[in-house]
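Numbering (the numbering used here), first residue to last: 113 to 356.
To start, the structure under review is shown below, and the notes come after it.
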Ligand code: ADP
């Protein structure tokens, strides 16, 4: 489903991604962990074309892009539509209702008819437990509810892959569980997911593979039990000691 080779990204003179290779199979949940500043968010944003890699090749769903060459706009748009992104701060439109927020992507980006999209958007809001909140505005919703709208919105474009960038970091502790539950349900349904999170319990319970990043490279990857119980690399051991 995802095949990444030699991904590099630099901001001015700061080299943030120094050659990332990663494969993700259909239906797999990959959790990215690592210290702050190690490039996790940048990596995820490259998968959604919110950042354009300087070098590397990515195959995502039906689209292959070679970032070593000039990338056409159409191909980039098609690439972006392969994945749905869930942001740390929800990024909802404040003046649109939950339903309108979920409808935005399919109507604007994919040009689908409003009536058709409205039906699907309602079902998605029901799926994330917000069937009774379709007409609420973001400020009328709790952080956990807003993030669940964010998940429904990302699902609305019917992506091949869901990307989560620290989806629970901005939430009060008592609201984290409801968002993680929606994510676990999605994982159980077979959605392919790449998740950046500090929630180690989620990583242990839901990940097929845990990837430890540090300094712009993948240091180590393995099953949750390999990474959490028998890490091989010193850097992984140190990081896990620090957060436990
Ligand atoms: P992580 O998600 O692991 O905390 P990030 O990908 O957010 O790491 O950041 C990696 C490094 O890249 C940091 O040093 C950060 O300051 C820098 N960085 C991220 N985005 C930008 C940007 N748009 N412009 C300049 N530097 C950036």
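For each residue, glycine too, the CB sits at the ideal point set by N, CA and C.
Please read all numbers here as calculations on a predicted model, not as lab measurements.
Contact the region 132–146 vs the region 315–329: 3+ CB pairs below 8 Å: Using a C-beta cut-off of 8 Å, the region 132–146 makes contact with the region 315–329, since at least three inter-stretch Cβ pairs fall below that distance.
Buried or exposed by the 16-neighbour rule on C-beta atoms within 10 Å, applied to residue 222: Under this definition residue 222 is an exposed residue.
Own chain, CB closer than 8 Å to residue 226, minus 5 neighbours either side, in chain order: Cβ neighbours of residue 226 beyond the five flanking positions: 215, 219.
For residue 333, three-class secondary structure by DSSP: Shown here, residue 333 sits in a strand according to DSSP, grouped into three states.
Range covered by the alpha helix (DSSP H) that runs through residue 288: It spans 285–300 - the alpha helix (DSSP H) in which residue 288 sits, taken as one unbroken run.
Close Cβ partners of residue 183 (< 7 Å) along its chain, the five nearest in sequence each way excluded: Taken in chain order, the residues that qualify are 177.
Distance cut-off 7 Å: residue 123 Cβ against heavy atoms of the ligand ADP: In this structure, the ligand ADP has a non-hydrogen atom nearer than 7 Å to the beta-carbon of residue 123.
Local conformation of residue 208 per DSSP, three classes: Here residue 208 sits in coil by DSSP.
For residue 245 and residue 108, the rounded distance between their alpha carbons: In the structure as shown, the chain starts at 113 and stops at 356, and residue 108 therefore has no counterpart that could be examined.
Pick from 307, 351, 355 that is closest to residue 152, judged by C-alpha positions: Of all alpha-carbon atoms in 307, 351, 355, the one lying nearest the alpha-carbon of residue 152 is that of 307.
Bridge-paired residues (DSSP) for residue 121: According to DSSP, which records beta bridges pairwise, residue 121 is partnered with 129.
Simplified DSSP state of residue 261, which is helix, strand or coil: Three-state result, residue 261: helix.
Heavy atom of the ligand ADP within 7 Å of residue 281 beta-carbon: Incorrect: residue 281 has no Cβ contact closer than 7 Å to the ligand ADP.
Bounding residues of the alpha helix (DSSP H) (the contiguous stretch that carries residue 312): Note, residue 312: alpha helix (DSSP H), 312–318.
Outcome for residue 281 when other beta-carbon atoms lying within 10 angstroms are tallied against a minimum of 16: The residue is exposed, with fewer than 16 neighbouring Cβ atoms inside 10 Å.
Near the ligand ADP: residue 152 beta-carbon under 7 Å from a heavy atom: Yes, since a heavy atom of the ligand ADP falls inside the 7 Å radius drawn around the Cβ of residue 152.
Contacts around residue 211, its chain only, beta-carbon distance under 8 Å, and the 5 residues preceding and following it disregarded: Result list for residue 211: 230, 233, 234, 237, 246, 247, in chain order.
Rounded C-alpha distance that separates residue 354 from residue 145: Rounded to the nearest angstrom, the gap between the Cα atoms of residue 354 and residue 145 is 13 Å.
Proximity test, residue 327 beta-carbon vs the ligand ADP heavy atom, cut-off 7 Å: Result no, Cβ not under 7 Å from the ligand ADP.
Backbone CA spacing between residue 199 and residue 121 [nearest angstrom]: Answer to the nearest angstrom: the Cα atoms are 20 Å apart.
Cβ separation of residue 334 and residue 321, assumed to be a contact under 8 Å, to the nearest whole Å: Their Cβ separation, rounded to whole angstroms, is 7 Å, which keeps residue 334 and residue 321 in contact under 8 Å.
Buried/exposed call for residue 337, threshold 16 Cβ in 10 Å: Residue 337 is exposed by the Cβ-count criterion.
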